[in-house]
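Before any comments, here is the structure.
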Amino acid sequence: MLRLIRGFEELALGLVKSGAIPGGIHPYIGQEAVAVGVCSALGPGDRLTSTHRGHGHVLARGTAPHRLLAELLGRVDGSNGGRGGSMHAADFSLGILGANGMVGAGAPIAVGAAWAAARATASPERSAADRVTADGCAAGRPDPGRTPVAVAFFGDGALNQGVLLESLNLAAMWRLPVLFVCEDNGYATTLPAATAVAGSATGRAAAFGIPAEEVDGMDTEAVRAAALRAVERARAGRGPGFLACRTYRYEGHHTMERRMKLRYRSPEEVEAWRERDPLPRAAALLDPATVAELDRAVAEQLAAAEEFSLASAHPDPAGALDHLYADGLRPRAGATP
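Quick note on this note's numbering: the sequence shown kicks off at 21 and runs consecutively.
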């Protein structure tokens, strides 16, 4: 999965450069260990919310690369019919409640999903509406009596967002089964976190009485172990958890940086983090022949994804307003239809 995410992002960068992907992307290259470690700790029925840098989360949770790539290209065979694009990819069948272009905005959605799951688990005679909320967005069905967990991914730039702090407070007050995962890559766009964040990420959680753990976000096994502990604690009814994963993005905040030629990180800093690349660290745990076979399989999978995506049709402009507004709603008494 590490290799798949890295290869997918490298392929996507090439398609941005060629103009096939409109608008650019926020590359996840370098941060793969966080998505893989956390998502490997999840089970059927668990949910997640993602960020503007969310391809890794979506792939690690199980979305097929050819569907996600078609989505980035804005094609009809994309995971959301080409309407979500890079920053709003979702797959309710896998419990992926959506990437989000607003910083920190996935946190309250995850808290809401966790509340619905806890309520549904505690009330076997719940209403049909509750069942749709609790089960309709699941990656399979959870075991009876097994509380689904929601995960909210966000970056260090979200640590000062009020919506995140409100989510932490509500999750703690109601002891909800939600895991908050801060992907601290050191920069909010081009602003060093050290110049903008007073205190620490784990300190934010501690203020609300939420157990927090600092993790090496470049070590997949360390992230997985920490996520397993937090997920099982939440599933057991002991409330939310918080992981602060120190990681690094090797590319710019957005592909537009290549054109703008911004300089806010030294080559020495980037190179030092490249020496901690999670892919070689994971590959060292495997037999070289196994690594070569995995690399070959991923290359074939991505080649097929590119072929599929480029062959997919563009949406018909006549349907541009489809799905824009809710339908089937009843206006209140006296309202004009």
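All C-beta atoms in this analysis are idealised placements derived from N, C-alpha and C, irrespective of residue type, glycine included.
**Request:** Determine the contact status of M107 and G121, defining contact as a CB-CB distance below 7 Å.
**Result:** yes
**Proximal residues to T71 (C-beta, below 7 Å), its chain only, five neighbours per side dropped** = A119, N120, G126, F173, F174, G175
**Asked** Curious, which full-length alpha helix (DSSP H) runs of at least 4 residues does the segment 175-229 contain?
**Response** 182-193, 221-226
**Nearest-angstrom Cα separation, counted from G339 out to N180** = 39 Å
**Start-end ranges of the alpha helix (DSSP H) lying completely within the segment 259-328, minimum 4 residues** = 276-280, 287-294, 298-303
**Request:** Confirm, please, whether the CB-CB distance from F200 to F112 is below 7 Å.
**Result:** no
**Prompt:** In angstroms, rounded to a whole number, what distance separates the CA positions of G156 and R195?
**Reply:** Unreliable placement is indicated for G156, whose pLDDT of 39 sits below 50; the coordinate value is still reported in the next sentence. So the two alpha carbons sit approximately 23 Å from each other.
**Prompt:** Using the rule of at least 16 other Cβ atoms within 10 Å of the residue's Cβ for burial, across every protein chain shown, is Y345 buried or exposed?
**Reply:** exposed
**Prompt:** So which of D236, L188, G102 has the shortest CA-CA distance to A394?
**Reply:** Nothing can be reported for residue 394, as the shown portion of the chain is limited to 21 through 357.
**Item:** Neighbourhood of V152 by C-beta, 7 Å cutoff - its chain only, sequence neighbours within 5 removed
**Value:** The pLDDT assigned to V152 is 40, lower than 50, so where the model puts this residue is not dependable, and the model offers no usable value.
**Asked** P212 to N205, Cα distance in whole Å?
**Response** 9 Å
**Asked** Under a Cβ-count criterion, where at least 16 other Cβ atoms within 10 Å of its own Cβ denotes burial, should G229 be classed as buried or exposed?
**Response** exposed
**Prompt:** Measuring CA to CA, which of T69, R279, A304 is closest to G43?
**Reply:** R279
**Request:** Below 6 Å CB to CB, which residues in the same chain sit around L190 once its five sequence neighbours on both sides are set aside?
**Result:** V131
**Item:** Distance between E29 and A84 (C-alpha atoms, nearest Å)
**Value:** 14 Å
**Prompt:** On the premise that G219 lies in contact with A178, defined as a C-beta separation below 8 Å, what is that separation, rounded to the nearest angstrom?
**Reply:** That belief does not hold up - the Cβ atoms of A178 and G219 are roughly 14 Å apart, past 8 Å.
**Request:** Give a yes or no on whether the C-beta atoms belonging to A325 and H86 are separated by under 7 Å.
**Result:** yes
**Item:** Exposure of P308, with buried meaning 16 or more beta-carbon neighbours within 10 Å
**Value:** exposed
**Request:** Using three-state DSSP, classify D150 as helix, strand or coil.
**Result:** Confidence at D150 is low in this model, with a pLDDT of 45, below 50, so the placement of that residue should be treated as unreliable; the coordinate-derived value is given next. Reduced to three states, the DSSP call for D150 is helix.
**Message:** Among the candidates Y268, E277, P300, T275, whose CA atom is the shortest distance from the CA of E289?
**Reply:** Y268
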